[in-house]
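One structure below.
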Amino acid sequence: MNELVNSWGLNPAIPVGLNAYLLVAAILFVLGLIACMARRNAIGILIGVELIINAAIINFMAFWRFGGSQTDGSGALVGPLFGVFLILLAACEAAVALAILLSLYFNFGTIEVDSIHQMER
Amino acid sequence: MTTAQLYLNCLPILPEIILSAVICLVVLLDMFVPLGRSRVVCGLVAFAGTIVALQVVINPPVAVEAALGGTFGGMITMDGLSQFFRMLFLGGAAITIVFTLGSVETIHYRQGEFLSLILGATLGACLLVASNNFLMFFLSLETLSLCSYVLAAYIKHQRLSAEAGLKYLLYGAVASGVMVFGISYFYGMTGTVQINGVINSVMIASSMPGFNVVPFLLATVLVLAGLGFKMAMVPFQSWAPDVYQGAPTPVTAFLSVVSKGAGFAALLRVTLPFFATNATVANATAGLAGMAHLPVLFAILAVATMTFGNLVALRQTDVKRLLAYSSIAHAGFLLMGMSVFQPDSARAIMFYFFMYFVMNLGAFWVVIVVINRIGGSDLAHFRGLAYRNWKLAAAMFIFLISLTGIPPTAGFVAKLILFKVVISAGISAMQGAVMTPASWFYFGLAIVGVINSAISLVYYMKIMRAMAFERSDDSSRLDLNWVEAGYAMAFAAATVGLLYFEPIANLVNQL
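Protein chains in written order, with my numbering: chain A, 115 to 235; chain B, 4 to 514.
Here is the structure:
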């Protein structure tokens with residue numbers, strides 16, 4: 115692992131550990147969640163969802179890289195596999211979401227979620 | 004993988020393969036059949052395909068035991084749980100297709116798209132309950148979700164439908180993102196994404212001294228957010244009323260049985276190993292120290308869900324919205340079974356769900372007929388229904404008392420068996436005739452459940468009163484065609500006929 119860290123030009127004495135990745139992922143997750151709750155624009159909420167999914171991808175890759183489970187046959191590529199599928203899913207979700215938002219815009223003339231409440235509480 | 008191995012691996016998922024083929028066929032047919040006939044042609048093809056797939060599930064080409072170890076490297080597993088729920092999902096899809104053909108709400112659109120989306124969502128649900136790997140689990144959950152979002156927003160020119168699609172999409176996207184983040188922690192803690200591997204590691208770790216429960220509980224709550232969204236469990240229920248009200252009614256029926264069922268099937272799938280351990284609040288110390296909080300967690304969620312659903316339902320005036328809150332309350336009853344980790348309680352949940360499936364679909368069919376003939380699902384549209392068409396009103400009456408859980412109906416049997424599991428857990432927690440905290444806990448839970456059933460009678464009674472004791476301005480007779488009347492009668496007969504529940508009990512006992 116030291117060669118890898120060296121090639122990035124970082125200090126080999128202090129390798130980037132698992133905790134750093136987990137911390138970045140956790141921060142990204144919380145930021146995404148805050149975006150989902152605070153944003154009033156539907157696109158903004160969707161960007162928040164993307165942040166949450168990216169946090170999960172970072173977690174998977176970090177756990178895969180630092181975990182000890184790469185050796186067993188079937189689980190050898192779990193981290194990257196999960197990552198690739200999550201990227202795919204995020205794309206699918208964006209496609210469906212934009213289609214629905216388009217239909218929403220035709221109906222309401224806006225995609226601000228606050229101004230869309232047709233049904234009684 | 005050789006061809007022979009591939010063939011053997013594919014046999015257990017033959018129903019899903021058939022379903023995928025039918026989806027392609029329906030989409031292609033939709034392009035070549037003229038608009039006027041697309042409704043009937045595509046509907047018949049989709050219905051026939053679903054029935055064939057259902058037939059394959061009932062008579063599997065390989066023995067269930069032979070495939071128990073799992074196929075595709077352990078990604079798919081076939082056991083009693085997956086067989087039972089695949090049957091329900093495929094049956095629900097077939098019934099939804101008939102609902103679609105009988106409803107006027109989607110009549111102006113090409114049916115091929117709509118039907119292929121319903122079949123796609125069913126495909127996701129079937130794979131979800133059979134998956135034994137978190138990657139497969141998440142992918143099939145998303146297949147189900149993405150199709151459902153589009154279905155909810157299907158009526159493009161209607162504001163309500165577009166709003167329903169938006170709410171479903173936003174809540175669903177956040178919930179599934181949160182869930183996959185929780186799965187990543189489970190992967191980190193156990194080093195595997197095989198569901199049984201994860202659960203076994205957690206169970207072994209929890210019996211060791213010095214087990215730190217916090218990360219496990221955190222990851223559990225994150226995953227529960229994703230599943231709780233599908234089940235419409237408090238506090239992840241806020242999408243349900245708006246989506247149920249705004250979506251086309253066949254879609255609402257589909258969401259309230261297949262999508263909710265998929266949530267419960269997935270929850271049972273990830274907690275299935277616990278049901279063999281007899282973990283209750285009472286014997287929490289016996290090797291399962293870390294698991295003591297799970298029954299308590301589910302009991303709290305159950306009480307919150309059923310109480311919230313029932314109390315808010317009291318002041319609803321739209322029947323579709325009222326049924327949405329009623330389905331939230333039923334999710335609470337189903338969750339009550341999760342507070343006892345015994346093989347019996349898993350069976351009671353499945354049994355309850357089967358009964359809920361029949362009576363809820365029946366109630367939604369009556370709503371569809373009323374929307375077709377009277378033009379809305381408001382309480383005002385149900386006024387005087389008993390005088391305008393007594394058959395339809397009688398069927399609705401049966402569904403409503405069944406949803407409440409009053410005796411001569413399926414809902415009563417379902418509630419009886421569920422309460423029996425909870426109360427017997429309380430009795431077995433008693434030491435001699437002395438009450439322990441655990442037995443108080445279970446008796447209290449059962450009492451809350453009974454009180455909630457009583458509350459639910461109030462708002463179901465509201466619909467009954469509107470049908471029988473109020474007069475509408477237009478009191479002309481409603482003439483139904485044979486499909487509308489026959490379907491309502493068939494569901495009503497099934498709701499009463501399921502009092503003879505032995506076949507269902509046998510089916511559930513295969514688990």
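Backbone N, C-alpha and C fix where the C-beta goes; we use that ideal spot for every residue, glycine too. The structure presented is a predicted model; accordingly, all values stated were derived computationally and were not measured.
Just verifying my parser: in three-state terms, what is the DSSP assignment at B/T109? coil
Using DSSP with H/G/I as helix, E/B as strand and the rest coil, what is A/I230? coil
Kindly say whether A/A134, judged by its beta-carbon, lies nearer than 8 Å to any beta-carbon of chain B. no
Does DSSP classify B/Q240 as helix, strand or coil? coil
Hey, B/A250 and B/A155: beta-carbon distance below 8 Å or not? yes
Measure the alpha-carbon distance for B/L317 versus A/W178 and round it to whole angstroms. 50 Å
Can you confirm whether the stretch 205-221 of chain B touches the stretch 187-205 of chain A when touching is taken to mean that 3 or more C-beta pairs between the two stretches lie within less than 8 Å? no
Just checking: is the beta-carbon of B/F184 within a distance shorter than 8 Å of some beta-carbon in chain A? yes
Between the CA atoms of B/T223 and B/I426 - distance to the nearest angstrom: 27 Å
Enumerate in chain order the residues of its own chain whose CB-to-CB distance from B/E19 is below 7 Å, with the five nearest sequence positions on each side excluded. L126, C129 and L130
Which residue from B/N199, B/I466 and B/F400 puts its Cα closest to that of B/F494? B/F400
Nearest by alpha-carbon distance to A/Q65: which of B/Q58, B/P218, B/D245 and B/P411 is it? With chain A represented from 115 up to 235, any question about residue 65 of chain A goes unanswered, as that position is not in the structure.
Three-way DSSP call (helix, strand, coil) for A/N168 in this model: helix
Status (buried if at least 16 other CB within 10 Å, exposed otherwise) for B/D515: Only positions 4 to 514 of chain B appear in this structure, which leaves residue 515 of chain B out of reach.
Under 7 Å (Cβ pairs) to chain A, residues found in the stretch 152-183 of chain B: Y152, V153, A156, K159, R162, L163, A165, E166, G168, L169, L172, L173, A176, V177, G180, V181 and V183
Classify A/A205 as buried or exposed, calling it buried when 16 or more other Cβ atoms lie within 10 Å of its own Cβ. exposed
Collapsed DSSP secondary structure at B/F529 in the structure displayed: Since the first and last residues shown for chain B are 4 and 514, residue 529 of chain B lies out of range.
Just checking: is the beta-carbon of B/V196 within a distance shorter than 8 Å of some beta-carbon in chain A? yes
Name the residues in the stretch 187-204 of chain A whose C-beta lies less than 7 Å from a C-beta of chain B; which are they? S188, G189, V192, L195, F196, F199, L200 and L203
With DSSP as the reference, please indicate the residues paired to B/Q434 in a beta bridge. B/V437
Taking the C-alpha atoms as reference points, what is the distance between A/I171 and B/F189? 13 Å
Segment contact flag, the stretch 157-171 of chain B with the stretch 91-100 of chain B, C-beta cutoff 8 Å, min 3 pairs: no
Rounded to whole angstroms, what's the CA-CA distance from B/A449 to B/T439? Just pull it up for me. 16 Å
Check for me: the alpha helix (DSSP H) holding B/F400 runs from which residue to which? W393 to T407
Which residue marks the beginning of the alpha helix (DSSP H) containing A/Y135, and which one marks its end? L132 to A152
Would DSSP call B/N136 helix, strand or coil? strand
May I ask you to list the residues that DSSP assigns as paired with B/D381? B/D321
Once DSSP output is grouped into helix, strand and coil, what is the label at B/N62? coil
Residue-level contact to chain B via CB, A/T224, 8 Å cutoff: no
So, with DSSP's three-state summary, where would you put B/N12? helix
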